[in-house]
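Worksheet for the structure shown next.
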Amino acid sequence: MSEYVTIPLDIEGVKVNRVEVTSNGEVHIHVSSTVDGTRCHRCGRDIHHRYDEGREIKLRHLPILDMPTYIFTKPRRYLCDDCPGNTTTTQHLPWYEPRHAVTKAYAEHVLRLLVNSTVQDVSDKEKVGYDEVEDIVDDRFGQGVDWSEFKSLPTVGIDEIALKKGHRDFATIVSTRTEEGKNRLLGVLENREKATVKAFFLSIPKDLRDTVRKYSANPLDPTKLILTT
């Protein structure tokens with residue numbers, strides 16, 4: 161038996177239709193999109209001719225009250241009036257990763273859990289498949305950063321991710337703590353080599369790099385040597 165509750169959801173572009181707590185201790189949040197239109201996958205035009213809805217998808221989200229939480233939604237589909245053959249395109253909203261069936265907020269949550277841990281440990285803790293966790297990490301490799309979102313980087317942290325339990329196979333997480341006290345992920349680097357970390361930091365615009373007041377890194381990590389130069 162499910163209990164229905166009210167929970168605010170801090171995601172833009174969605175309407176919460178109902179929230180239920182299931183008998184097995186999961187939170188299920190059913191939402192619908194409030195965003196009108198999408199871009200045709202064939203011609204690239206903005207389209208607003210609503211056609212129907214796709215199949216319902218289930219997305220892992222941040223835990224609520226320590227309970228596993230899932231968002232359910234049926235993506236809107238739109239018809240392009242300019243393309244031949246009644247081309248339809250499914251709307252994709254920026255807050256989730258359809259390939260991994262997780263919200264972006266949850267993906268960042270997983271990456272933070274990996275700090276000083278292993279993929280296997282996080283997989284066990286979150287009850288998420290091992291390959292799924294590794295895929296979340298892999299998807300972040302080489303992703304660009306929209307530096308315009310940041311006015312300053314007062315504190316920057318460098319942490320290792322152990323990708324394989326019992327092996328020296330590491331990636332590096334770079335994060336910041338904003339003036340508002342929020343932790344933000346900046347990047348996931350493919351290794352912890354000095355050259356890799358240095359290249360990432362040199363990619364930060366100089367005026368933004370100059371705002372860094374504190375670096376947090378393992379004092380034995382050779383990458384720290386480049387942070388004060």
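Throughout the sequence shown, residue numbering follows my numbering, covering 161 to 389 in sequence.
Just so it is clear, CB atoms sit at the ideal spot from N, CA and C, and this is done for glycine as well.
Bear in mind that the values here come from a model prediction, so they are computed numbers and not experimental data.
- The three-state reading of DSSP puts Arg300 in helix, counting H, G and I together.
- Residue pairing by DSSP places Arg220 opposite Tyr230, Val262 in a beta bridge.
- Note on geometry: alpha-carbon atoms of Asp196 and Ile207 lie some 9 Å from one another.
- When C-alpha distances from Arg237 are compared across Tyr211, Ala261, Leu222, the shortest belongs to Tyr211.
- Distance between Ile189 and Gly347, taken at the CA atoms: about 29 Å.
- Here the alpha carbons of Cys243 and Pro314 stand approximately 49 Å from one another.
- Within the DSSP bridge table, the entry for Leu345 names Ser335 as partners.
- Shown here for Leu273: same chain residues with a beta carbon closer than 6 Å to its own, the five before and five after excluded, namely Val282 in chain order.
- Secondary-structure assignment with DSSP links His209 through a beta bridge to Leu239.
- Contact annotation: Asp319 and Ile296 have beta-carbon atoms that are not nearer than 9 Å.
- Across the structure, Thr182 and Ser193 are spaced so that their CA atoms are roughly 23 Å apart.
- For Arg178, the closest alpha carbon among the candidates Asp299, His209, Thr233 is that of Thr233.
- Separation of Ser363 and Arg220 (C-alpha to C-alpha, rounded to the nearest whole angstrom) is 32 Å.
- The beta carbon of Ala261 is closer than 8 Å to those of Ile217, Lys218, Leu219, Arg220 in its chain, skipping five residues each way along the sequence.
- Taking C-beta atoms under 8 Å as the contact rule, Pro235 and His252 qualify, at a distance of about 7 Å.
- Shown here for Arg205: same chain residues with a beta carbon closer than 8 Å to its own, the five before and five after excluded, namely Arg199, Cys240, Asp242 in chain order.
- Under the DSSP assignment, Thr248 falls in the beta strand (DSSP E) whose first and last residues are 248 to 250.
- Distance between Lys342 and Thr249, taken at the CA atoms: about 36 Å.
- When DSSP states are grouped into helix, strand and coil, Thr315 belongs to the strand group.
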